[in-house]
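Participant:
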Amino acid sequence: MKKSRHLIALIAILALVVAACGGDDGDDTTTTDGGADTTAAPDTTAASDTTAAPDTTTAGGDDDELVIGVSWNNYNEERWALWDEPAIQSALDEAGATYINSDAGSSAEQQLADVENLIAQGADALIILAQDGTAILPAVQSALEQGIPVIAYDRLIEDTGALYITFDNIGVGRLQAEVIYDMVPTGNYVIIKGNAADANADFLREGYEQVIGDAVANGDIEIVFEEYTDNWDPALAQTNMEQALTQANNDVQAVLSENDGMAGGVVAALEQQGLAGQVPVSGQDGDQAALNRVALGTQSVSVWKDARELGVAAGTAAVALAQGAALGDVEGVVQFDSPGGNSMTSILLEPIPITQDNLNVVVDAGWIDVGTLCQGVEAGSVDVCE
Ligand code: BGC
0 MKKSRHLIAL IAILALVVAA CGGDDGDDTT TTDGGADTTA APDTTAASDT
50 TAAPDTTTAG GDDDELVIGV SWNNYNEERW ALWDEPAIQS ALDEAGATYI
100 NSDAGSSAEQ QLADVENLIA QGADALIILA QDGTAILPAV QSALEQGIPV
150 IAYDRLIEDT GALYITFDNI GVGRLQAEVI YDMVPTGNYV IIKGNAADAN
200 ADFLREGYEQ VIGDAVANGD IEIVFEEYTD NWDPALAQTN MEQALTQANN
250 DVQAVLSEND GMAGGVVAAL EQQGLAGQVP VSGQDGDQAA LNRVALGTQS
300 VSVWKDAREL GVAAGTAAVA LAQGAALGDV EGVVQFDSPG GNSMTSILLE
350 PIPITQDNLN VVVDAGWIDV GTLCQGVEAG SVDVCE
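Letter 263 of the sequence shown, counting from 1, is numbered 262 in numbering that gives the first Met the number 0, and no numbers are missing.
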């Protein structure tokens with residue numbers, strides 16, 4: 000099957016090359032171990048590339064070597080390039096598989112083309128961080144029909160043929176809300192949600208509901224502003240927070256922000272009003288800047304998801320699936336009931352809330368160094384910064 004796929008890929012690429020270059024000397028457009036740089040500049044130095052045909056053995060060279068294609072929707076948050084990608088690569092290295100990747104630059108349309116492209120490059124399994132969990136479905140179906148296993152990475156893609164590997168995202172929302180609700184059991188709340196096309200935005204919101212739902216129903220809490228944020232964009236989150244503060248005449252007691260990047264925008268808006276550090280703010284990801292804000296007291300919690308574990312789990316599973324394992328045979332799988340009424344074969348890792356009280360957890364895990372964590376922190380205010 001692998002050989003015939005490579006043959007199809009060869010023909011497809013040859014056709015493209017002939018059409019585009021008139022049979023010009025072959026540029027190698029494969030992206031190998033490209034890190035965040037996916038511009039795939041033609042490699043004119045490739046010594047072995049002596050024929051007119053491109054290198055259709057793709058990244059690895061040896062036709063028996065497994066190739067795993069990862070389609071990133073973007074690298075906007077720190078975690079993807081800093082933690083997730085190297086972890087996937089390390090699992091693939093360990094298994095002797097080759098990593099190829101693409102970056103859709105936040106375009107759902109581009110991501111459809113990227114997936115086809117990864118298949119044309121000989122991917123034996125795909126790991127997809129979806130820009131839009133619905134728009135990506137045709138590409139996933141096409142891959143599965145061609146016998147190429149798919150992992151829905153971190154974000155849900157509702158196709159039961161895919162393996163869904165993520166953290167307990169409802170749990171992330173619950174943990175954020177528990178910290179904030181504990182600090183502010185009554186008052187005006189602002190809710191800054193992530194990208195609407197990412198199921199995680201609603202999963203977190205569901206977790207919030209589990210914690211503050213009753214208090215909202217009985218009037219103890221009023222949600223004075225609630226908005227999705229395109230692409231989880233920190234600048235947009237800041238604009239929304241500015242608008243929320245204006246609308247509420249600064250009468251805001253707590254902010255549930257779904258991730259750390261957006262929490263940065265929220266805290267900037269609070270700072271402009273002299274309110275940073277007075278209004279509890281949540282986040283997730285354990286971004287370096289966010290953990291520093293936790294130490295400084297301008298953010299109350301960052302729910303930490305050890306993305307290294309997620310990346311290794313996905314890389315390892317991708318290799319197993321490419322070698323023919325069934326979804327149910329992958330180690331650690333459970334069934335997850337999706338919002339669309341599907342039972343998804345899933346791996347769900349546990350998130351951990353990080354507050355000023357347990358910052359040592361991320362230091363001990365080698366996630367952040369004390370210098371970065373404690374920058375600007377007043378002596379004597381936080382244990383780990385002593
Ligand atoms: C992830 C978060 C991330 C966000 C923006 C979500 O799907 O779960 O960790 O901050 O996307 O990239």
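In this text, a Cβ means the ideal position worked out from N, Cα and C, and glycines have one as well.
Taking the straight line between their C-alpha atoms, what separation do you get for Asp102 and Tyr74?
Facilitator: The alpha-carbon atoms of Asp102 and Tyr74 are separated by roughly 8 Å.
Participant: Pro184 lies in the beta strand (DSSP E); which residues open and close that run?
Facilitator: No beta strand (DSSP E) contains Pro184, which DSSP labels as neither H nor E.
Participant: Given this structure, state the Cα-to-Cα distance separating Leu91 from Ile126, to the nearest angstrom.
Facilitator: Going from the Cα of Leu91 to the Cα of Ile126 covers about 12 Å.
Participant: Which residues share a DSSP beta bridge with Asn100?
Facilitator: According to DSSP, which records beta bridges pairwise, Asn100 is partnered with Val69.
Participant: Does DSSP put Val215 in a helix, a strand or coil?
Facilitator: Helix at Val215.
Participant: Under DSSP, the beta strand (DSSP E) around Val300 begins and ends at which residues?
Facilitator: Per DSSP, Val300 belongs to the beta strand (DSSP E) from Val300 to Trp303.
Participant: Use the C-beta contact count for Val333: other C-beta atoms within 10 angstroms, 16 or more gives buried, fewer gives exposed.
Facilitator: Exposed is the call here.
Participant: Pick out whichever of Tyr152, Ser345, Asp181 and Ile156 has its Cα sitting closest to the Cα of Leu255.
Facilitator: Closest by alpha carbon: Asp181.
Participant: Any heavy atom of ligand 2 within a distance shorter than 7 Å of the CB on Gly193?
Facilitator: With respect to small molecules bound, the structure shown includes ligand 1 and not ligand 2.
Participant: Let me know the beta strand (DSSP E) ranges lying completely inside the region 209 to 297, each 3 residues or longer, listed in chain order.
Facilitator: The region 209 to 297 contains these whole beta strand (DSSP E) runs: 220 to 226, 253 to 256 and 281 to 283.
Participant: From Gly218 to Asp250, what distance separates their C-alpha atoms?
Facilitator: Going from the Cα of Gly218 to the Cα of Asp250 covers about 16 Å.
Participant: DSSP state of Gly59, grouped into three classes?
Facilitator: Here the model assigns Gly59 a pLDDT of 44, short of 50, so the residue's position is not dependable and the matter cannot be decided.
Participant: What whole-angstrom Cβ distance do Ala275 and Thr297 have, given they're in contact under 8 Å?
Facilitator: Correct: roughly 5 Å between the Cβ atoms.
Participant: Tell me which residues share the same chain as Gly327 and place their Cβ nearer than 8 Å to its Cβ, disregarding the 5 neighbours each side in the sequence.
Facilitator: If we look at Gly327 and ignore the five residues flanking it on each side, its Cβ neighbours are Thr344.
Participant: Do you know how far the Cα of Asp232 is from the Cα of Ala247?
Facilitator: For Ala247 and Asp232, the distance between alpha carbons rounds to 22 Å.
Participant: Just reading off the beta strand (DSSP E) that Pro338 is part of, what are its end residues?
Facilitator: Per DSSP, Pro338 belongs to no beta strand (DSSP E) and is neither H nor E.
Participant: How long is the line joining the alpha carbons of Ala325 and Ile147, rounded to whole angstroms?
Facilitator: Going from the Cα of Ala325 to the Cα of Ile147 covers about 12 Å.
Participant: Taking 7 Å as the cut-off, is the beta-carbon of Arg154 closer than that to any non-hydrogen atom of ligand 1?
Facilitator: Yes.
Participant: What residue range is occupied by the uninterrupted beta strand (DSSP E) comprising Ile127?
Facilitator: Its beta strand (DSSP E) spans residues Ala124 to Ile127.
Participant: Measuring straight from C-alpha to C-alpha, what distance separates Glu386 and Ala316?
Facilitator: Shown here, the chain extends from 0 to 385; a query on residue 386 therefore has no answer.
Participant: Would you check if the distance between the CB atom of Gly264 and the CB atom of Ala236 is smaller than 8 Å?
Facilitator: Taking 8 Å as the Cβ cut-off, Gly264 and Ala236 qualify as a contacting pair.
Participant: Cα separation between Asn187 and Leu65?
Facilitator: Whole-angstrom Cα-Cα distance: 53 Å.
Participant: Looking at the secondary structure, which residues open and close the beta strand (DSSP E) in which Leu162 lies?
Facilitator: It spans Leu162 to Phe166 - the beta strand (DSSP E) in which Leu162 sits, taken as one unbroken run.
Participant: Alpha carbon to alpha carbon, how far is Tyr207 from Val184? Give it in angstroms, no decimals.
Facilitator: Here the sequence assigns Pro to residue 184, which means Val is not the residue at that position. Using only the alpha carbons, I get a separation of about 13 Å.
Participant: Can you find a heavy atom of ligand 1 that lies under 7 Å from the Cβ of Asn199?
Facilitator: Yes, the Cβ of Asn199 comes within 7 Å of a heavy atom of ligand 1.
Participant: Assuming contact is defined by CB atoms lying nearer than 8 Å, are Gln175 and Val293 in contact in what I supplied?
Facilitator: No, Cβ-Cβ distance for Gln175 and Val293 is not below 8 Å.
Participant: Given a threshold of 16 other Cβ atoms within 10 Å of its Cβ, counted over all protein chains shown, does Glu349 qualify as buried or as exposed?
Facilitator: It is exposed - the Cβ of Glu349 has fewer than 16 other Cβ atoms within 10 Å.
Participant: Do Ala161 and Val139 have their CB atoms nearer than 8 Å?
Facilitator: In this structure, Val139 lies closer than 8 Å to Ala161 by Cβ.
Participant: Grouping DSSP H, G and I as helix and E and B as strand, with all else coil, what is Asp48?
Facilitator: Since pLDDT at Asp48 reaches only 34, below the 50 mark, its modelled position is unreliable, and the value read off the structure follows with that caveat. In this structure, Asp48 counts as coil in the three-state DSSP scheme.
Participant: Kindly confirm or deny that the region 302 to 316 and the region 103 to 122 touch, where touching means at least three C-beta pairs closer than 8 Å.
Facilitator: They do not touch, by the three-pair rule.
Participant: Thinking Thr133 and Ala196 are a contact (beta carbons under 8 Å), I'd like their distance in whole angstroms, please.
Facilitator: Indeed they touch by this definition, with Cβ atoms about 7 Å apart.
Participant: Identify the continuous beta strand (DSSP E) that holds Ile150 and give its terminal residues.
Facilitator: Counting along the chain, the beta strand (DSSP E) containing Ile150 begins and ends at Val149 to Tyr152.
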